[in-house]
Amino acid sequence: MVRPIMKDTAFLAQKAEKAGPEDVSVADDLLETLQAHADGCVGMAANMIGVNKRIIAFENDGDYMVMFNPEIVKKSGPYQTEEGCLSLTGRRRTKRYQSIKVQYQNRDFALRFKTFTGWTAQIIQHEIDHCEGIVI
99 MVRPIMKDTA FLAQKAEKAG PEDVSVADDL LETLQAHADG CVGMAANMIG VNKRIIAFEN
159 DGDYMVMFNP EIVKKSGPYQ TEEGCLSLTG RRRTKRYQSI KVQYQNRDFA LRFKTFTGWT
219 AQIIQHEIDH CEGIVI
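Per the numbering used here, the very first residue in the sequence shown carries number 99; after that it's consecutive.
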């Protein structure tokens, strides 16, 4: 189900709770909402659709990927950039890393590790910030 985009910065500033198997339907809604906004959005966190859980969805080389409980465990190559967000107006400067290693759970809640670089790494960092209550 495509859900409305959350714009309440007080809600978005809350740290997300750990996701569990009962939250798979939230991930489905998140993915559908992201795909509905594909013309202007490449990633979303669950709090952007009003659910305060650690779930992100993002475009990854033409496909979509969902992560439950993602955490960055390694990062390198810091740089400054500007980003926008569907939940906010305008663009903001932020620090990102060229390469990140992410620990996450897949749809079956099996633990996975994956390294991302470039644009995909930037998207993931933005969405994990959402999970941490960091509003860019």
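C-beta atoms are modelled at their ideal positions from N, C-alpha and C, and glycine is treated no differently. If you're wondering where the values come from, they're calculated on a predicted model, not measured in any experiment.
Buried versus exposed call for residue i [16 or more other C-beta atoms within 10 Å across all chains shown]
i	result
Pro-168	buried
Tyr-177	exposed
Thr-179	exposed
Lys-151	buried
Ala-136	exposed
Euclidean distance between Cα positions of residue i and residue j
i	j	result
Glu-209	Gln-220	Sequence check: residue 209 is Leu here, not Glu. If you take the alpha carbons of Leu-209 and Gln-220, they lie about 22 angstroms apart.
His-228	Gly-160	23 angstroms
Gln-112	Ile-153	14 angstroms
Ala-134	Asp-126	12 angstroms
Phe-207	Tyr-162	17 angstroms
Val-188	Ile-232	The identity of residue 188 in the sequence shown is Gly, whereas the question assumes Val. Roughly 16 angstroms between the two C-alpha positions.
Leu-186	Val-164	22 angstroms
Ala-114	Lys-173	21 angstroms
Val-124	Phe-109	17 angstroms
Glu-230	Lys-105	16 angstroms
Residue nearest to residue i in terms of C-alpha spacing, selected from the options
i	options	result
Phe-156	Asp-227, Arg-191, Gly-141, Asn-204	Gly-141
Val-171	Ile-226, Asp-206, Thr-107, Asp-106	Ile-226
Arg-190	Val-124, Gln-201, Ala-143, His-224	His-224
Gly-175	Tyr-162, Lys-193, Ser-185, Met-163	Lys-193
Lys-116	Tyr-202, Thr-218, Leu-132	Tyr-202
Arg-205	Phe-109, Lys-105, Val-122, Ala-114	Val-122
Phe-166	Lys-173, Leu-186, Glu-120	Glu-120
Proximity below 8 angstroms, CB of residue i to CB of residue j
i	j	result
Cys-183	Ile-222	no
Leu-53	Cys-139	What is shown of the chain runs 99 to 234, which leaves residue 53 out entirely.
Thr-218	Asn-158	yes
Evaluate the contact criterion for the segment 214–223 versus the segment 178–197: three or more CB pairs, one atom per stretch, below 8 angstroms.
yes
Report yes or no: do the segment 144–162 and the segment 100–112 share at least 3 C-beta pairs separated by less than 8 angstroms?
yes
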